[in-house]
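These notes concern the structure reproduced below.
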Amino acid sequence: GAVVSQHPSRVICKSGTSVKIECRSLDFQATTMFWYRQFPKQSLMLMATSNEGSKATYEQGVEKDKFLINHASLTLSTLTVTSAHPEDSSFYICSARDPGRAKPEQYFGPGTRLTVT
Amino acid sequence: DAKTTQPPSMDCAEGRAANLPCNHSTISGNEYVYWYRQIHSQGPQYIIHGLKNNETNEMASLIITEDRKSSTLILPHATLRDTAVYYCIVRADNAGNMLTFGGGTRLMVKP
């Protein structure tokens, strides 16, 4: 099946710093990618929709100035957590659909665990 | 998207069939039933989806009731590696491809 990768898999940063997470579609091009956040023992919550060549669409309650999304190419979307705080510690997951496949399933990355100290 | 209701947890003996129920009583005619699972600390994985007919693939079978208000995901011979959280999601196929996750069912396969 199609593959989505994320980098890094784990990151620890100090409060107040910024962290960039990359999401790549390895064998397909994705005009749209999705960013989710998952707190311990909770379900995935959609944060934003990343659109190649245009601005991201953020879900209600997600600060666009804090979570910067850039989708500069058809295979790469980045999420930058700016001025990170301990409450931003979470598991961040991206997904994309392969438009070249008939099946409508989403392919998810392995996730990035962010810990802010 | 229609809301789904799943039991929070289930146990299953290794080698036995795991039957995971999902209620979606407010499903609309154009909405599909999708199942994904998430193994601990990994991204979710697609399992199967269907509209009204029962479906089967190499991973599982999906049984949808005639009124489409509920469905059951069947793992025919559960293994320890099937221990995961299973999410039932109802979505119209043209709903922008994003997925709305509920609480899911935490399936524990025991030896």
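The listed protein sequences correspond, in order, to chains R and H.
If you're matching positions, the first sequence starts at 111 in the working numbering and goes up one per residue.
If you're matching positions, the second sequence starts at 545 in the working numbering and goes up one per residue.
Ideal Cβ positions, reconstructed from N, Cα and C, are used throughout, including at glycine.
Only a predicted model underlies this, so the values are computations on that prediction, with no experimental measurement involved.
Taking only beta-carbon positions, decide if residue 643 of chain H is within less than 7 Å of chain R. Mapped onto the second sequence, residue 643 of chain H falls at position 99. Residue 643 of chain H counts as touching chain R.
Rounding to the nearest angstrom, what Cα-Cα distance links residue 121 of chain R and residue 224 of chain R in this structure? On the first sequence, residue 121 of chain R is found 11 positions in, with the first residue counted as 1. On the first sequence, residue 224 of chain R is found 114 positions in, with the first residue counted as 1. Near 5 Å, if we compare the C-alpha coordinates of residue 224 of chain R and residue 121 of chain R.
Between R:154, R:167, R:184, which lies nearest to residue 201 of chain R when the distance is taken from Cα to Cα? Start at 1 with the first residue of the first sequence, and residue 201 of chain R comes out as number 91. Out of R:154, R:167, R:184, the CA that lies nearest to the CA of residue 201 of chain R is found in R:154.
Within 7 Å of any Cβ in chain H, is that where the Cβ of residue 119 of chain R sits? Here residue 119 of chain R corresponds to residue number 9 of the first sequence, with the count starting at 1. Not an interface residue.
Grab me the residues of residue 629 of chain H's own chain with a C-beta within less than 6 Å of its C-beta, minus the 5 sequence neighbours each way, in chain order. Reading the second sequence from its first residue, position 85 is the one you call residue 629 of chain H. Result list for residue 629 of chain H: 582, 648, 650, in chain order.
When we look at the beta-carbon of residue 211 of chain R and count the other beta-carbons within 10 Å, is it buried (16 or more) or exposed? Translated into positions along the first sequence, residue 211 of chain R becomes position 101. With fewer than 16 other Cβ atoms within 10 Å, it is exposed.
When H:560, H:569, H:621 are compared against residue 612 of chain H, the one with the closest alpha-carbon: What you label residue 612 of chain H is simply residue 68 of the second sequence in a count that begins at 1. Closest by alpha carbon: H:569.
DSSP three-state assignment for residue 612 of chain H, whether helix, strand or coil: Translated into the one-based positions of the second sequence, residue 612 of chain H becomes position 68. Residue 612 of chain H falls in the coil class under three-state DSSP.
Where does residue 220 of chain R fall in DSSP's three states? Start at 1 with the first residue of the first sequence, and residue 220 of chain R comes out as number 110. DSSP places residue 220 of chain R in coil when its eight states are reduced to three.
Contact between the segment 143-153 of chain R and the segment 188-204 of chain R is defined here as three or more beta-carbon pairs at a separation below 8 Å; is this criterion met? yes
Which residues in chain H have a C-beta closer than 7 Å to the C-beta of residue 153 of chain R? List them in chain order. Numbered from its first residue, the first sequence carries residue 153 of chain R at position 43. Result: 645, 646, 647, 648.
Just to confirm, are residue 564 of chain H and residue 576 of chain H a CB contact at a threshold of 7 Å? Counted from its first residue, the second sequence places residue 564 of chain H at position 20. Counted from its first residue, the second sequence places residue 576 of chain H at position 32. Their beta carbons are not under 7 Å apart, which means residue 564 of chain H does not touch residue 576 of chain H by this criterion.
Endpoints, the beta strand (DSSP E) within which residue 131 of chain R is located: Position 21 of the first sequence, counted from the start, is the residue given in the question as residue 131 of chain R. For residue 131 of chain R, the uninterrupted beta strand (DSSP E) segment begins and ends at 129-135.
Min CB distance residue 588 of chain H to chain R below 7 Å: Here residue 588 of chain H corresponds to residue number 44 of the second sequence, with the count starting at 1. True, the Cβ-Cβ gap to chain R drops below 7 Å.
Provide the residue span of the beta strand (DSSP E) that contains residue 275 of chain R, from first to last. With chain R covering 111 to 227 only, the question about residue 275 of chain R has no answer from this structure.
Residue 626 of chain H (DSSP reduced to helix, strand or coil): Within the second sequence, the letter at position 82 stands for residue 626 of chain H. Here residue 626 of chain H sits in helix by DSSP.
Given this structure, state the Cα-to-Cα distance separating residue 132 of chain R from residue 194 of chain R, to the nearest angstrom. Walking along the first sequence from the start, residue 132 of chain R turns up at place 22. Walking along the first sequence from the start, residue 194 of chain R turns up at place 84. Between residue 132 of chain R and residue 194 of chain R, the C-alpha separation is close to 16 Å.
As a quick exercise: from R:198, R:163, R:217, pick the residue whose alpha carbon is nearest that of residue 641 of chain H. Sequence index remark: in the second sequence, residue 641 of chain H carries index 97 (1-based). It is R:217 whose Cα lies nearest to the Cα of residue 641 of chain H.
Please list the residues of the segment 135-167 of chain R that have a C-beta atom closer than 7 Å to any C-beta atom in chain H, keeping them in chain order. 142, 144, 153, 154, 156, 159
If you follow the beta strand (DSSP E) that residue 653 of chain H is in, where does it begin and where does it stop? As a working note, residue 653 of chain H is residue 109 in the second sequence. First-last of the beta strand (DSSP E) with residue 653 of chain H: 649-654.
Is there at least one Cβ from chain R nearer than 7 Å to residue 637 of chain H's Cβ? Against the second sequence, residue 637 of chain H aligns to sequence position 93. It does; some Cβ of chain R falls within 7 Å.
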